[in-house]
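The structure appears right after this line, and notes come after that.
Protein chains: 2
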Amino acid sequence: MALKKKPVTGMRDILPAEMQVREYVMNQIRDTYQGFGFTQIETPCVEHIENLTSKQGGDNEKLIFKILKRGEKLDLKAAQNEGDLVDGGLRYDLTLPLARYFSNNGAQLPMPFKALQMGSVWRADHPQKGRFRQFTQCDIDILGDETSMAEIELILATTAALGKICPENGFTVRVNDREILKGMAVYCGFEEGLLDQVFIILDKMDKIGIEGVKAELLEAGHARESVEKYVALLAGTGHDAAGVRKLGEVLESAMPKEVAGNLAYIMETVADVAETEFSLYFDPTLVRGMSYYTGTIFEVSMEGFGGSVAGGGRYDKMIGKFTGKDTPACGFSIGFERIITILMDQGGCAIGDKVKKAYLIEKGMDSVRFGEIMKQAMEERRNGVQVLVSHMNKNKKFQKGQLEKEGYTEFVNFYRESLK
Amino acid sequence: MALKKKPVTGMRDILPAEMQVREYVMNQIRDTYQGFGFTQIETPCVEHIENLTSKQGGDNEKLIFKILKRGEKLDLKAAQNEGDLVDGGLRYDLTLPLARYFSNNGAQLPMPFKALQMGSVWRADHPQKGRFRQFTQCDIDILGDETSMAEIELILATTAALGKICPENGFTVRVNDREILKGMAVYCGFEEGLLDQVFIILDKMDKIGIEGVKAELLEAGHARESVEKYVALLAGTGHDAAGVRKLGEVLESAMPKEVAGNLAYIMETVADVAETEFSLYFDPTLVRGMSYYTGTIFEVSMEGFGGSVAGGGRYDKMIGKFTGKDTPACGFSIGFERIITILMDQGGCAIGDKVKKAYLIEKGMDSVRFGEIMKQAMEERRNGVQVLVSHMNKNKKFQKGQLEKEGYTEFVNFYRESLK
Chain X
46 MALKKKPVTG MRDILPAEMQ VREYVMNQIR DTYQGFGFTQ IETPCVEHIE
96 NLTSKQGGDN EKLIFKILKR GEKLDLKAAQ NEGDLVDGGL RYDLTLPLAR
146 YFSNNGAQLP MPFKALQMGS VWRADHPQKG RFRQFTQCDI DILGDETSMA
196 EIELILATTA ALGKICPENG FTVRVNDREI LKGMAVYCGF EEGLLDQVFI
246 ILDKMDKIGI EGVKAELLEA GHARESVEKY VALLAGTGHD AAGVRKLGEV
296 LESAMPKEVA GNLAYIMETV ADVAETEFSL YFDPTLVRGM SYYTGTIFEV
346 SMEGFGGSVA GGGRYDKMIG KFTGKDTPAC GFSIGFERII TILMDQGGCA
396 IGDKVKKAYL IEKGMDSVRF GEIMKQAMEE RRNGVQVLVS HMNKNKKFQK
446 GQLEKEGYTE FVNFYRESLK
Chain E
46 MALKKKPVTG MRDILPAEMQ VREYVMNQIR DTYQGFGFTQ IETPCVEHIE
96 NLTSKQGGDN EKLIFKILKR GEKLDLKAAQ NEGDLVDGGL RYDLTLPLAR
146 YFSNNGAQLP MPFKALQMGS VWRADHPQKG RFRQFTQCDI DILGDETSMA
196 EIELILATTA ALGKICPENG FTVRVNDREI LKGMAVYCGF EEGLLDQVFI
246 ILDKMDKIGI EGVKAELLEA GHARESVEKY VALLAGTGHD AAGVRKLGEV
296 LESAMPKEVA GNLAYIMETV ADVAETEFSL YFDPTLVRGM SYYTGTIFEV
346 SMEGFGGSVA GGGRYDKMIG KFTGKDTPAC GFSIGFERII TILMDQGGCA
396 IGDKVKKAYL IEKGMDSVRF GEIMKQAMEE RRNGVQVLVS HMNKNKKFQK
446 GQLEKEGYTE FVNFYRESLK
């Protein structure tokens, strides 16, 4: 039987041209984050199925690639359901494995711990343009810092990285806090038990607009008074740090006192310190899907491209699920594939200035001469030139065209000396 | 229920100190191989189960992590055996996926194609010291070159990379050819149908010695005359290029004429051109396990460490299994985990000369002063210094110790001004 040539559904082969862009972006992100003192770590791609299905991952838990038990542990006859057949799964994000990692290795790590992770994650989503079942995430997290220094550093580092990768694309950082989200809804009189429903509708703002949100909230049966108060509050709130502080005063009765001041302080400090240019504003409609967030949340969008290119927030309760002891945690994840799509659409990016030279050798070259050519290649390589040694094809023009696509700009032909 | 803190059986969390060494080695390998014109590519970690179980992978096929079908495709009640439950698996090497990649994307690639792959592979092996169920491989392959230029480039590139990573460790490259292996056995009168058995015993040479091999061959029932002729031939063969040519003359009746000349030429050219120091010799007892090899095979060992650190060979028949048309192929794989183990045992390696500085800030710092400190950090980062900003712990000595383990050498303390 012939073997299958295509990759498995929803996953893909990465061709050389894209791979160069990916490597370049990876290095820019790594360098920037390391400059901020983030330390690279790695966890296995396979996680315990118990951890992956522990309700930390929201909807992603429905999308797990599960791994069959092996050997005697697999009892097909006795198996009643899927759970009896599997003992592991491919990680669907890098946050849950980080929480496990920290709980396993915390004693050997500095505290607070600033982690950098770059790795593949898998989700068995419906395949669609630009969305794949295996994709790369680049996360930074600060574990063990309950102060706003964590948020400030995360936003500074991520915007510095994005500024380096896409210097031509303007971008925007929107921030909010889960406590403010909750405070606003409580203040407007929504029932505490129905808040998640309110936020799911609010989260559609960028698709259906404020009128759409209003209509859906009413349709869902929420009190007209609450809905109208909510819409007015959303519309009337300022988007700068002063607006956040003012909102804090309005919500005094519905929210812990320090929340608004904390967010305003983060915004002011980031604006004051950042060396990269971007706009930063408070967005009271920012929800972010993951249920594990407990405080500040942030999201980055890039001009001219829908959807977000990075996002994150504070999740102070996840590590406690492993250790029994809460540890403050805050993270920021760059949507690596999104960035790559943007750069590839723009025609790639400047990858570096190494000279790429191809030596094309006619087949049947005399062995002494061949040795000389190879030595010449080694010398050029030693001097930093990338030298491809390849046989000359019959169709030299086509061969040259293919190599030009890979960035080769200089070609040296070596022919047999026909008179020998 | 508390979540599981340990990684899944046989896989591991990589701590910061090792991660630094891994990244450093990865970069050295990538830079060297790219200098030789190898082009980085990537395939999905998940492969079709049909491809993984197509008899290309030898014993590795017994060690596949299999992935459960999803949704309607999973019919637990109707399933008769494992095969009905799974549709994919984690790749056990990078060679089979490369063959699939080339058959899928060949039209868009230069020919010959020089591929570089660095990625994780998975094998559900019995966990033991230094052997893990997820590990990294670094492979280079040349597809579409039937000449010995492929072998020469592969050996030059791999030895250059190893020389850069481990400049203090002497290493040895042993070469052989599957045709010579076969020719010697046929010449000595072993039955053609039993050659694989002969090679399995021969492969134990480094463990049981020539006397052990002799005893096992006799025990397996091979003719004493053949065994004695074989042992004498193995012992009497020279290990340099001249020895290979001479062996070619002896085996004239049992082996294609050009085989020995080809291998001798590879050895001579590599010795002539290589800029890295290593010893290179012909080893007529080198077998290498993988059944897919069709010609030259090579293996690298490092002084003072048992086992091989790299290996490879020619496999001209695998791509044809996908495309129906044979394409010559030759590859070399660096045993990345082995190299890392050696370097970690030696106490790591020189990772670079970036200054790593930690700013330790007393909690509760006045916000204006804090902004100034953050700006100072940004300026140092811009100048290439790695600056970690962290809160000061109560136990400053312990904190400093932990950070020193991560390579921080400079510490700056920022205290609140208590008189304000």
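Quick mapping for you: the protein sequence lines, in order, are chains X and E.
As numbered in my numbering, residues 46 to 465 make up the first sequence, in order.
As numbered in my numbering, residues 46 to 465 make up the second sequence, in order.
Note that beta-carbon positions come from the ideal geometry of N, C-alpha and C, so glycine has one too.
About 7 Å separates the beta carbons of X/V434 and E/G82, which is inside the 8 Å limit, making them a contact pair.
Distance from the CA of E/Q153 to the CA of E/R359, rounded to the nearest whole angstrom, comes to 23 Å.
Proximity to X/G254 across X/L388, X/L279, X/A47, X/V53 peaks at X/L279, based on C-alpha coordinates. Where E/F81 is concerned, there is no enclosing beta strand (DSSP E), because DSSP gives it neither an H nor an E. When the alpha-carbon of X/L135 is set against those of E/Q179, E/T98, E/P61, the nearest one is in E/Q179. Under the three-state reduction of DSSP, E/G293 is assigned to helix. Between X/T84 and X/K159 a beta carbon distance of about 6 Å is seen, short of the 8 Å cut, so the two are scored as contacting.
Contacts with chain E (Cβ-Cβ distance below 7 Å) from the region 164 to 182 of chain X involve S165, A169, Q179, listed in chain order. Annotation note: the region 70 to 149 of chain E contains the following uninterrupted alpha helix (DSSP H) runs of length 4 or greater, listed N- to C-terminal: 94 to 97, 127 to 130.
Between the alpha carbons of X/E264 and X/V272 lies a distance of about 11 Å.
Looking at E/I112, E/M64, E/Y275, the one whose alpha-carbon comes closest to that of E/L247 is E/Y275. Secondary structure at E/V315: helix, using DSSP grouped into helix, strand and coil.
Cβ neighbours of E/N458 within its own chain (closer than 6 Å, five residues either side excluded): L405. For E/S148 and E/T368, the gap between their C-alpha atoms comes out near 6 Å. For the pair X/C183 and X/S353, the CB atoms are not nearer than the 8 Å cut-off. For E/D317, the neighbours in chain X by C-beta distance under 7 Å run, in chain order, G416. The count of Cβ pairs closer than 8 Å, one atom from the region 325 to 334 of chain E and one from the region 106 to 126 of chain E, stays below three, leaving the stretches out of contact. Restricting attention to beta strand (DSSP E) runs no shorter than 3 residues, the region 163 to 223 of chain X encloses them at 179 to 188, 216 to 222, ordered along the chain.
In the DSSP secondary-structure assignment, E/I406 is bridged to E/H436, E/F459. When Cβ-Cβ separations below 8 Å define contact, E/P61 makes contact with chain X.
X/A355 is bridged by DSSP to X/V345, X/I379. The beta-carbon distance between E/F350 and E/V218, rounded to whole angstroms, is 15 Å. This is too long to meet the 8 Å contact definition.
Membership of X/Y326 in the beta strand (DSSP E) is indicated by the continuous run 324 to 327. Ranked by Cα distance from E/V318, the first of E/D411, E/E198, E/R427, E/R383 is E/E198.
According to DSSP, E/I59 shares a beta bridge with X/E87. By the C-beta density criterion, X/V345 is buried, having at least 16 other C-beta atoms within 10 angstroms.
Neighbours of E/G376 in chain X, taken as residues at a C-beta separation under 7 Å, are lacking, since the least C-beta distance is about 16 Å.
Nearest to X/Q444 by alpha-carbon distance, out of E/A47, E/E87, E/P157, E/G116, is E/P157. At the C-beta level, X/F244 and X/R57 stay beyond 8 Å of one another. Annotated as proximal: X/L130 and E/L130, with beta-carbon spacing under 8 Å. DSSP, reduced to helix, strand and coil, places X/K302 outside both helices and strands of the structure shown, so it counts as coil. Counting the other CB atoms within 10 Å of its CB gives X/D120 a total below 16, which places it among the exposed residues. Per DSSP, the unbroken alpha helix (DSSP H) holding E/V276 starts and ends at 269 to 281. CA-to-CA, the gap between X/I364 and X/E92 works out to about 16 Å. Using a Cβ distance threshold of 8 Å, E/N221 and E/I311 do not count as a contacting pair.
The Cβ-Cβ distance between E/D371 and E/G340 does not fall below 8 Å.
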